[in-house]
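Count along the sequence shown starting at 1, add 45, and that's the number in my numbering.
Note that CB positions come from ideal geometry on N, CA and C, so glycine has one too.
Below is one structure, written out as structure tokens, with a few remarks after it.
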Amino acid sequence: MLHKETVEPALLMLANELFKIPELEQFVLVGGTAITLLIANRRSIDIDLF
Numbered sequence: 046m047l048h049k050e051t052v053e054p055a056l057l058m059l060a061n062e063l064f065k066i067p068e069l070e071q072f073v074l075v076g077g078t079a080i081t082l083l084i085a086n087r088r089s090i091d092i093d094l095f
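Here you go:
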């Protein structure tokens, strides 16, 4: 289960839209935002894609 309440709604919408772009499909969400979605350890305001 993802803890979507830990990420700003606009940021979550942006990430979802970015992952729909074919050129970005090989990228994955990493860093603090990826962790907080899994364990809800903090509030996240940015995304890291690699």
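Grouping DSSP H, G and I as helix and E and B as strand, with all else coil, what is residue i?
| i | result |
| --- | --- |
| residue 82 | helix |
| residue 74 | strand |
| residue 57 | helix |
| residue 63 | helix |
Only counting the same chain, and skipping five residues up and downstream in sequence, which positions put a Cβ closer than 6 Å to that of residue i?
| i | result |
| --- | --- |
| residue 85 | 48 and 51 |
How many angstroms separate the CA atom of residue i from the CA atom of residue j?
| i | j | result |
| --- | --- | --- |
| residue 88 | residue 74 | 16 Å |
| residue 94 | residue 78 | 10 Å |
| residue 69 | residue 46 | 24 Å |
| residue 76 | residue 92 | 8 Å |
| residue 61 | residue 55 | 10 Å |
Should residue i be listed as close to the ligand ZN, given that the test is whether its C-beta is under 8 Å from any heavy atom?
| i | result |
| --- | --- |
| residue 72 | Ligands displayed in this structure: none; no statement on the ligand ZN is therefore possible. |
Ignore the nearest five residues each way along the sequence and tell me which others in residue i's own chain have a CB closer than 8 Å to its CB.
| i | result |
| --- | --- |
| residue 81 | 48, 51, 52, 87, 88 and 89 |
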